[in-house]
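When we follow full-length UniProt numbering, the leftmost residue of the sequence shown carries the number 1, and every step to the right adds one. These notes concern the structure reproduced below.
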Amino acid sequence: EQERKGTAKVDFLKKIEREIQQKWDRERVFEIDAADRKDQRSKGKYFVTFPYPYMNGRLHLGHTFSLSKCEFAVGYQRLKGRSCLFPFGLHCTGMPIKACADKLKREMELYGCPPEFPDEEEEEEENSGKKEEEIIIKDKAKGRKSKAAAKAGSSKYQWGIMKSLGLSDEEVVSFSEAEHWLDYFPPLAVQDLKSMGLKVDWRRSFITTDVNPYYDSFVRWQFLTLKERNKIKFGKRYTIYSPKDGQPCMDHDRQTGEGVGPQEYTLIKMKVLDPYPPKLSGLRGKNIFLVAATLRPETMFGQTNCWLRPDMKYIGFETGAGDIFVCTQRAARNMAYQGFTRHCGLLPVVKELMGEEILGAALSAPFSTYKVIYALPMLTIKEDKGTGVVTSVPSDSPDDFAALRDLKKKQALRVKYGIRDEMVLPFEPVPIIEIPGYGSLCAPCVCEELKIQSQNDREKLAEAKERVYLKGFYEGVMLVDEFKGQKVQDVKKRIQKLMVDKGEAMIYMEPEKQVMSRSADECVVALCDQWYLDYGEVSWKKQASECLKHLETFCEETRRNFEATLGWLQEHACSRTYGLGTRLPWDEQWLIESLSDSTIYMAYYTVAHLLQGGDLRGQGESPLGIRAHQMTKEVWDYIFFKTAPFPKTEIPKEKLDKLKEEFEFWYPVDLRVSGKDLVPNHLSYYLYNHVAMWSEQREKWPVAVRANGHLLLNSEKMSKSTGNFLTLTQAVDKFSADG
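Next comes the structure, spelled out in structure tokens:
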């Protein structure tokens with residue numbers, strides 16, 4: 001890339017831009033009130049919003065790319081003579097700010113102030129073979145020709161990310177306190193957006209959390225209303241959880257793994273029989289189980305053996321019932337947060353062992369037609385999924401069939417791992433499910449069809465699995481006595497329940513994929529007591545689907561994403577124990593998390609300027625002389641619900657009517673623009689909460705949502721948490737707003 005030649009043209013453009021922007025500011029061109037517009041109703045109004053960005057850094061081009069769509073829409077509608085409102089809030093709720101502040105604190109404790117970080121080569125040696133506690137973000141910029149790559153290049157340290165924003169060492173230190181972020185970044189966001197020439201009514205801007213008493217009161221009103229309408233419930237829920245943070249880890253608190261939820265497995269208890277392998281002989285008198293996680297409990301009738309990876313580390317830990325479970329450390333850590341151990345989160349490890357030390361162990365497996373099966377070697381077991389113990393059903397799993405066939409064929413392989421012939425040779429696949437087109441032994445059949453030679457034919461095995469897995473679930477018919485003639489999909493849950501009721505299996509959960517929190521902790525699935533929004537509730541889901549039916553999405557992909565989300569969406573934990581935010585009004589130990597206080601705030605924009613007086617924190621003089629403590633639930637009801645009675649309040653009626661008039665004039669939201677990654681969370685919650693709050697007033701439901709893709713920098717999505725971004729201010733400085 002050549003150096004940019006001469007900046008005279010850009011400087012000339014920037015000078016014009018500055019002058020015009022100052023003129024707009026002086027003349028308050030984009031400030032607009034419902035009262036001034038009544039006489040122009042005929043031309044209509046246009047209200048557009050953009051998800052308020054997090055204030056844990058400067059705005060980057062990823063934000064700008066999405067919000068430019070709002071900007072263009074407003075510009076176009078203004079030209080058509082409509083009354084247009086584009087307000088812009090700033091989000092501070094949740095953990096990112098606190099996580100960044102804590103990360104800085106930790107870096108200063110570990111590496112001094114200013115910190116001296118080890119260079120990458122040293123660190124790589126140090127870390128080889130042991131799992132990192134800190135998540136390493138590889139520097140994608142290395143070896144690239146691009147100047148942008150060199151400048152924006154990712155930093156894995158928070159200190160580096162802050163320095164890349166042009167801050168001095170002294171300035172960076174202040175950011176180890178979360179409160180400093182709330183003073184520092186919001187005014188800069190406003191300044192950067194103004195330099196872009198956004199057509200925003202800045203009087204209506206605000207920051208979230210209980211730092212802003214008006215917004216805090218608004219969110220409390222929303223949650224009291226949702227609770228009154230039975231949308232919020234309390235109970236133990238499986239939730240992605242960060243042990244380090246001691247609380248649930250929602251999408252916005254994640255460094256990686258956004259959109260990942262808990263995945264349910266059936267944990268099969270395979271009892272170790274006498275004689276115990278030497279490595280386990282010290283535990284005589286205890287019930288020892290190798291525990292395998294399966295997604296297919298209905299196939300347990302066909303177990304012929306169990307698989308362990310010889311070179312994998314396993315542990316034995318004591319359960320609350322006094323039994324010993326053998327699995328990987330990662331799986332056991334999940335179990336410790338799901339009620340498996342005596343004390344939540346504490347893992348009493350009684351044994352550490354390698355897979356090869358318990359190969360050949362004799363086992364009793366629930367529902368298997370073989371009385372005794374054996375633990376055999378499989379080299380392809382992954383450490384990041386399941387428990388490291390795999391139950392083998394060669395009749396229906398191509399992987400199991402191929403691996404068992406290898407062991408039968410290759411005596412040298414048996415000898416290598418000390419496996420005697422009688423542990424392998426007598427075991428044949430058992431017909432348990434009839435699948436149209438594949439018969440009663442689908443795995444041997446498909447392996448033959450695809451000419452699979454061994455367990456190392458990874459690609460062919462993946463294809464084989466794909467062919468029979470879904471077909472087996474939807475079209476398979478059970479052959480075993482108790483369930484003979486019934487469809488797999490009808491009995492799967494019943495078989496799981498039967499095994500659990502008999503004490504031969506348990507329900508086990510783990511994240512679908514690895515989730516790292518912003519505090520660099522690998523998350524688990526935990527059973528947590530919490531308040532949750534019951535998005536799975538049938539009538540609520542139905543209403544959200546009704547809203548979607550009439551929603552303009554501009555493209556089919558967005559609509560399909562919404563439909564898929566409404567299909568699977570279940571409970572969403574809306575409470576957490578620390579971070580920044582608003583407290584739950586009826587249970588103040590809990591804070592409302594960031595995807596829950598951000599669903600109907602577009603309604604708050606309509607009145608914000610009359611309450612906050614242009615002060616982002618809501619600490620200024622209200623133009624109507626209304627104090628935050630006067631904004632009771634009944635007052636908010638009166639403003640936002642057409643039929644609500646006038647409340648008992650010292651606020652004069654004409655003042656409340658002014659607020660009500662603003663809402664009635666501007667609502668509903670005509671267009672909301674966002675990145676498509678927000679469809680499965682924020683944008684779906686946006687629909688749900690609107691239909692819950694205005695269930696009787698369909699005319700207040702969202703009109704249109706436009707979701708766009710991502711701008712790429714260094715071939716990666718821009719993201720503040722990885723340091724891979726170009727800020728808006730850098731871009732305007734380099735290219736000008738309109739150049």
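Glycine included, every Cβ here is placed at the ideal spot set by N, Cα and C.
Check, Outcome
"Would you call cysteine 344 buried or exposed, if buried means 16 or more other Cβ atoms sit within 10 Å of its Cβ?", "exposed"
"Please report the residue range of the alpha helix (DSSP H) in which threonine 606 lies.", "602-612"
"Look up valine 173 in the DSSP assignment and say whether it is helix, strand or coil.", "helix"
"Classify aspartate 139 as helix, strand or coil using the three-state DSSP reduction.", "Low confidence applies to aspartate 139: its pLDDT is 28, below 50, so where it sits in the model is not reliable, and the reading given next is rough at best. Here aspartate 139 sits in coil by DSSP."
"From the DSSP output, in three-state form, read off alanine 737 for me.", "coil"
"Where do the ends of the beta strand (DSSP E) carrying residue 768 lie?", "In the structure as shown, the chain begins at 1 and stops at 739. Residue 768 is therefore absent and cannot be evaluated."
"Determine the DSSP secondary structure at phenylalanine 12, reduced to helix, strand or coil.", "helix"
"Taking 8 Å as the CB-CB limit, is lysine 103 close to chain C?", "The chain inventory of the structure shown lacks chain C, comprising one protein chain alone."
"Do tryptophan 221 and lysine 633 have their C-beta atoms closer together than 8 Å?", "yes"
"What is the rounded straight-line gap between the Cα of valine 491 and the Cα of tyrosine 76?", "57 Å"
"Cα separation between glycine 197 and alanine 737?", "7 Å"
"Considering only residues of the same chain and omitting the five flanking positions on each side of lysine 199, which have a CB-CB separation below 6 Å?", "Phe30, Val74, Phe86"
"In the DSSP assignment, find the alpha helix (DSSP H) that holds isoleucine 268 and state where it starts and stops.", "No alpha helix (DSSP H) holds isoleucine 268; the beta strand (DSSP E) holding it covers 262-272."
"For threonine 93 versus threonine 208, is the C-beta distance shorter than 8 Å?", "yes"
"Rounded to the nearest angstrom, how far is the Cβ of leucine 479 from that of isoleucine 435, given a contact under 8 Å?", "No, leucine 479 and isoleucine 435 are not in contact; Cβ-Cβ is about 10 Å, not under 8 Å."
"Please classify asparagine 689: does DSSP put it in a helix, a strand, or coil?", "helix"
"Identify every run of the alpha helix (DSSP H) within the UniProt domain \"Aminoacyl-tRNA synthetase class Ia\" (20-103), keeping only runs that are complete inside it and at least 4 residues long; order them along the chain.", "34-37, 61-79"
"Starting from isoleucine 495, trace the alpha helix (DSSP H) in both directions and tell me its first and last residue.", "488-501"
"Decide if proline 187 is buried, meaning its Cβ has at least 16 other Cβ atoms within 10 Å, or exposed.", "exposed"
"Skipping 5 residues on each side, what residues in its chain have a beta carbon closer than 8 Å to that of alanine 292?", "Leu267, Ile268, Met270, Cys306, Gly386, Thr387, Val389, Val390, Thr391"
"Whole-angstrom Cβ separation of threonine 729 and serine 205, contact assumed at under 8 Å?", "At roughly 18 Å, the Cβ-Cβ gap does not stay under 8 Å, so threonine 729 and serine 205 are not in contact."
"Classify valine 326 as helix, strand or coil using the three-state DSSP reduction.", "strand"
"Quick check for students: name the residue ranges of the alpha helix (DSSP H) that lie wholly in the region 440-472, counting only runs of 4 or more.", "442-449"
"When the Cβ atoms of the region 402-417 are set against those of the region 303-322, are three or more pairs found closer than 8 Å?", "yes"
"Does DSSP put leucine 713 in a helix, in a strand, or in coil?", "strand"
"In angstroms with no decimal places, state the Cα-to-Cα distance between residue 793 and isoleucine 626.", "This structure gives no information on residue 793, because the portion of the chain shown stretches from 1 to 739."
"In whole angstroms, give me the CA-to-CA distance for threonine 341 and lysine 497.", "21 Å"
"Give the range of the beta strand (DSSP E) segment to which residue 789 is assigned.", "This structure gives no information on residue 789, because the portion of the chain shown stretches from 1 to 739."
"Beta-carbon within less than 7 Å of leucine 569's beta-carbon, same chain only, minus the 5 sequence neighbours each way: which residues are those?", "Tyr535, Gly536, Ser684"
"Count the other C-beta atoms from every protein chain shown that fall within 10 angstroms of the C-beta of glutamine 453, then say buried if there are 16 or more, exposed otherwise.", "exposed"
"With a threshold of 16 other CB atoms inside 10 Å of the CB of lysine 231, please say whether the residue is buried or exposed.", "buried"
"How would you label phenylalanine 665, buried or exposed, when you count the other beta carbons within 10 angstroms and need 16 or more for buried?", "buried"
"As a quick exercise: from Val190, Ala707, Glu654, Met516, pick the residue whose alpha carbon is nearest that of glycine 675.", "Ala707"
"Under three-state DSSP, which class holds histidine 180?", "helix"
"Apart from the five residues just before and just after valine 538, which ones in its own chain have a Cβ nearer than 7 Å to its Cβ?", "none"
"Starting from cysteine 547 and walking both ways along the beta strand (DSSP E), at which residues does that stretch end?", "Not the beta strand (DSSP E): cysteine 547 falls in the alpha helix (DSSP H), residues 538-549."
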